Structure formats: structure tokens, C-alpha cells
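*Asks:*
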Amino acid sequence: MDRSSRRKFLSLACRWSILGLGAAPVLSSIFSGCKTLEMLAESGPSFQIGDMVVDTKAMAKETLVVTNSVEDFTPEQEYYIGRTVGAMILQKYKPYDNPKADRYINVMGQMLAQASDCPETYGGYHFLIQESDEINAFAAPGGFIFMTRGMLRCCPQEDAVAAVLAHEIGHVQYKHGLRAIKQSRVTSALTALAIKGAKNHGDEDLAELAKTFEGSISDITKTLIVNGYSRSFENQADLAAISILQRTGYNPNGLVTMLNQMKTRLKPGSQDFAATHPSPDSRLADIQQYIGKYSTVKSPQARQARFKASLGKI
Amino acid sequence: MQKMMSIQVKKSAVRSSPSFLGKIVTHLNYGDRVAVQNAKGSWYFIDGSKGKTEGWMHSSSLSLKKIVLNPGASDVKQAASSDEITLAGKGFNKQVENDFKSKNPQVDFMWINKMEKITISQNQIQSFIKEGQLSPTGGK
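These protein sequence lines map, in sequence, to chains Z and R.
Its first residue numbered 1, the first sequence is counted upward by one per residue in my numbering.
Its first residue numbered 1001, the second sequence is counted upward by one per residue in my numbering.
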């Protein structure tokens, strides 16, 4: 693709993006995940969409100039967003405060995160159980992951707990939290930063950044607690979970077991998982396309024993 | 051809093989520069100090940009006109978090700090895999 057609392609992509059509979703799904544009430029010289050959190296460079996307936040900035989103989630859903159970899910969670497509985040992955009886789980950007006792009660064995954690790791891997930030705020944050990138901000810069930060936290928290992600994001996280479970040697049917349990426990019209997630049935249908017919999860005795010892009284 | 990259996370593992099951030989820190010599899937074989620190790192810990840890005025000027430099601590940072905390004193960060203090060693993970009779197949 020569320079002028490349520009034309990018300009069209931007226009489609404004209209919410075509190229932008295609590009964002190609670029989603932990892989940044610069990594993409590394991976190969070109790819094809229809009869159009796209020069990835040049496009990655130019896209960075043309648009500001959540991919442009550094892992360090993602970490600070995640810390505050996590603190906001804990405002509503208080910690359970059970060191033994927390340690168990942290060892398991670390292992699962290491097997994901995004094993390294700025501050690493951290997991915490929340007191609530509601069925819910949350992933804040950068790897702060939370799940309620109500959610863990949907898990009759370790493979099902692993499925819950792996699904949340999937949301982190695909930066779904950051994608909830309004584009105007992303642009405002990254444009201001590109020009005035000082470590210690002056009063005026700080006031502007602080306002954008607060808005971004509100966008993400509202999506996590009130509105929920789109079905396609949930599907992406489920697929990431299946792949993580397979890589670590868990039975991916742990996810099916958990969803089946959830179906029997969810209260229609409640404010929890039912309000923010697609129905278990629709998720089950999507999942089974990938892992085939359900087979009962048989946990080895030692695995079941440690699960019971850590979460048996949850 | 060798390509220079930077560690973009606080601390990252260097492993003996291109998999999360690979033994950790050392760790590198935010801003450290490495020479990438080879790639396998999402894993890069790197040299961190002229042959003394060699091993595999996951691409999620690496950036093509040079990361300036304590940027001065000239770095800021250079960063404004270049997309090859990242200034550590810019943008959403500790200072912005502190500003948020002062305006929202009811939001408690105690448990977030506590979460970050839980550290899990590679030995604990290995024992967890063994005890649970898990047979990992490795990553991408």
C-alpha cells in the first residue's frame, strides 16, 4: 500500500470509527489484547482485508499519530487507574478478610495469569475475596481481581474457581476496563500528556489530569458495577479463560459447571451478575461451540481436599 | 538484527525457556534496556547486560520505547516531539492518585495496598501444580 492510499485507509477508518461502523471495530479486534500496535508492527510486514493489503509497520506508526486509543496508556498508567477502580469497587463490596482463602486464590490466580497472553502487568496480578452474598466478580485494569463469596459458592471444585479467575484475567488481558473510558477522555488524557509529559505536574496540568482521571474511574466503575460489558467482551473473556484453563491443565468444563450452578442460584431481576452479564445459557451455548459436549469435571482427591480446606466454608 | 527494548513493568521475570513453566533465572526492572536476539511466539530471547543476563521474556513486559525514569526538562521537550520515548511517572501517576484521595477521602486504599503486598513465589506455584496433579501444557 503506498503512502497516499494508506492515509486514505486511515482517514476512512477514523470516519468509520466516528460512525461506529466497519473498520474501527475490525481494527480494534485485530489489535486488542496485550499486543500493542508497536508489537504488531514487529510481527509481520503486512496483512490483507479483502483485496486491500495493509502495511502494518507504517500503519501502526501512523495510527498512533492519528488516533489516541487505550493501547497508548502505559502499563504504569493502567496500574494507577486499576488501583483507584479497585478501591471504588471495595467501597461497595467489602473484603471478606480470610487470609487462608485469599492466599489460596492468589497462588492459583498467579499461576493462571502467568499462562495468559498477558502475564506481565506493571504491578502484577492480585486477587481478593469479597464478603457479599451477591454473585459477582470484577477485574480492574492492570490486574486487580475481585470475587464475592456468592460467586465462589457457585464453584463445587477447584476447576470451577480457576474458571472464574481465568475469565477475569481475560478481561485484564483484553484491557476491557480501559475500553469503558469515554473516547473524549482518552484523547484528552493522552493529548495533554504527549505535550506536557512532566513527572510532577504543574497546578493547571494536575487539575486537568485529575478531572480526566476522575471521569475515567467513573466510566469504568459504572460499567463494572451497573451496566456490564457487551456480550462480545464477555465472550472474549470466556475464550481467554478456556485457553488459560487448557494451558494450566484444568478441565475447561469447570467454566460450564460454574455457569450451571450460577443458573440455579441467580435471582431474576437482582442487581448482581444477572444485571451485568449475559445469561448463563447464552454463555454456555457460546462456550460449548469451543469445548464440545459437557463432560463431568473429576478433580483428583488432593486437589479437591485443598479446595475444601480453603473455600469449603465460604 | 538486534533490537533494543525496555522493561515496561515494575519487575519482570527472565526465564530459561520460552514458557511460563520455564525456570526464572533473574528479574529485570522498570526501564532496564535489553537487546532482543530471537523470538518464539510471544516470547523474546533477550540479553540484558552483554551476555551476563540472558533468557526469555514475555512480550507483555517489553516496549520498543526508551523509558526515561527521572525525566528532566530536556526529556520532556524531546518526548513531546518523539514517539520513541516514554517518560516514567507521567500522566496518571501517584500525584494524580493523591489528588483523587484528597477529594474523595471516603475511598479507602488500605485493602488495595494490602492486596499488593501478597507475594507468591515461583516455588509456591510449582508446589501448587504438583500437589493439585495439574499437567500444564505451557503457554503461547
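Each residue gets a CB set at the ideal place from its N, CA and C atoms; glycine is no exception.
Only a predicted model underlies this, so the values are computations on that prediction, with no experimental measurement involved.
Quick one: what does DSSP say R/Arg-1033 is sitting in, helix, strand or coil?
*Replies:* If DSSP states are grouped into helix, strand and coil, R/Arg-1033 belongs with the strands.
*Asks:* Sorted by chain position, which residues of the same chain lie with C-beta nearer than 7 Å to R/Ala-1013's C-beta, five sequence neighbours on each side aside?
*Replies:* Taken in chain order, the residues that qualify are Ile-1024, His-1027.
*Asks:* Are Z/Glu-322 and R/Ala-1088 close, meaning C-beta to C-beta below 8 Å?
*Replies:* Because chain Z spans 1 through 314 in this model, residue 322 of chain Z falls outside it and cannot be assessed.
*Asks:* Comparing alpha-carbon positions, which option in Z/Pro-141, Z/Met-262, Z/Asp-281 lies nearest Z/Gly-86?
*Replies:* Out of Z/Pro-141, Z/Met-262, Z/Asp-281, Z/Pro-141 has the C-alpha closest to the C-alpha of Z/Gly-86.
*Asks:* At a CB-CB cut-off below 8 Å, which residues of chain R make contact with Z/Phe-273?
*Replies:* Residues of chain R passing the Cβ test: none, with the nearest at roughly 22 Å.
*Asks:* R/His-984 CB to nearest chain Z CB: under 8 Å?
*Replies:* As displayed, chain R neither begins before 1001 nor continues past 1140, which places residue 984 of chain R out of reach and without an answer.
*Asks:* Evaluate the contact criterion for the segment 99–117 of chain Z versus the segment 1131–1140 of chain R: three or more CB pairs, one atom per stretch, below 8 Å.
*Replies:* Short answer: they touch.
*Asks:* Inspect the beta-carbon positions of Z/Gln-157 and Z/Phe-273 and report whether they are closer than 8 Å.
*Replies:* Contact: no.
*Asks:* Identify, in the order they occur along the chain, each residue of the same chain with its Cβ nearer than 6 Å to the Cβ of Z/Phe-127, setting aside the five sequence neighbours on each side.
*Replies:* Taken in chain order, the residues that qualify are Ile-105, Asn-106, Gly-109, Ile-145.
*Asks:* Straight-line CA distance for Z/Lys-298 to Z/Ile-242?
*Replies:* If you take the alpha carbons of Z/Lys-298 and Z/Ile-242, they lie about 17 Å apart.
*Asks:* For R/Asn-1093, which residues in chain Z fall below 7 Å Cβ to Cβ?
*Replies:* Ordered by position in chain Z, the residues that pass the 7 Å Cβ test against R/Asn-1093 are Tyr-80.
*Asks:* Are there three or more Cβ pairs, one per stretch, closer than 8 Å when the segment 1086–1100 of chain R is compared with the segment 203–212 of chain Z?
*Replies:* They touch, by the three-pair rule.
*Asks:* Figure out for me which residue from R/Ser-1063, R/Thr-1053, R/Ser-1059, R/Glu-1054 has the closest Cα to the Cα of R/Gln-1008.
*Replies:* The shortest C-alpha separation from R/Gln-1008 is found at R/Ser-1063.
*Asks:* When we look at the beta-carbon of Z/Leu-190 and count the other beta-carbons within 10 Å, is it buried (16 or more) or exposed?
*Replies:* The residue is buried, with at least 16 neighbouring Cβ atoms inside 10 Å.
*Asks:* Smallest Cα separation from Z/Gly-228: which of Z/Asn-136, Z/Leu-245, Z/Lys-267?
*Replies:* Nearest of Z/Asn-136, Z/Leu-245, Z/Lys-267 to Z/Gly-228, Cα basis: Z/Asn-136.
*Asks:* Chain R beta carbons: is any one of them nearer than 8 Å to that of Z/His-171?
*Replies:* So no, Z/His-171 is outside the interface.
*Asks:* Quick check on DSSP: helix, strand or coil for R/Thr-1119?
*Replies:* It is coil, neither helix nor strand.
*Asks:* Following the continuous alpha helix (DSSP H) through Z/Gln-91, name the residue where it begins and the one where it ends.
*Replies:* 75–92 is the extent of the alpha helix (DSSP H) around Z/Gln-91.
*Asks:* Taking R/Val-1068 as part of the beta strand (DSSP E), name the residues at either end of that continuous run.
*Replies:* Element bounds for R/Val-1068: 1066–1068.
*Asks:* Is it the case that the segment 240–259 of chain Z contacts the segment 272–289 of chain Z, given that we only count it when at least three CB pairs across the two stretches are under 8 Å?
*Replies:* Result yes; three or more Cβ-Cβ pairs closer than 8 Å.
*Asks:* If you draw a straight line from the C-alpha of Z/Ile-129 to the C-alpha of Z/Cys-154, how long is it?
*Replies:* In a straight line, the C-alpha of Z/Ile-129 is about 14 Å away from that of Z/Cys-154.
*Asks:* Which whole-angstrom value describes the C-beta separation of Z/Tyr-125 and Z/Ile-169, a residue pair presumed to lie in contact below a C-beta threshold of 8 Å?
*Replies:* With a Cβ gap of about 7 Å, Z/Tyr-125 and Z/Ile-169 count as contacting.
*Asks:* Tell me the DSSP secondary structure of Z/Ser-310 in three-state form.
*Replies:* In the structure shown, Z/Ser-310 sits in a helix (DSSP, three-state: H, G or I).
*Asks:* Taking Cβ positions only, does R/Ala-1035 come closer than 8 Å to chain C?
*Replies:* The question asks about chain C, but that chain is absent: this structure's protein chains are Z and R.
*Asks:* Determine which residues of the segment 104–129 of chain Z have a Cβ less than 8 Å from any Cβ of chain R, and write them out in chain order.
*Replies:* Residues passing the 8 Å Cβ filter: Asn-106, Val-107, Met-108, Gln-110, Met-111, Gln-114, Ala-115, Ser-116, Asp-117, Cys-118, Pro-119, Glu-120, Thr-121, Tyr-122, Gly-123, Gly-124, His-126, Phe-127, Leu-128.
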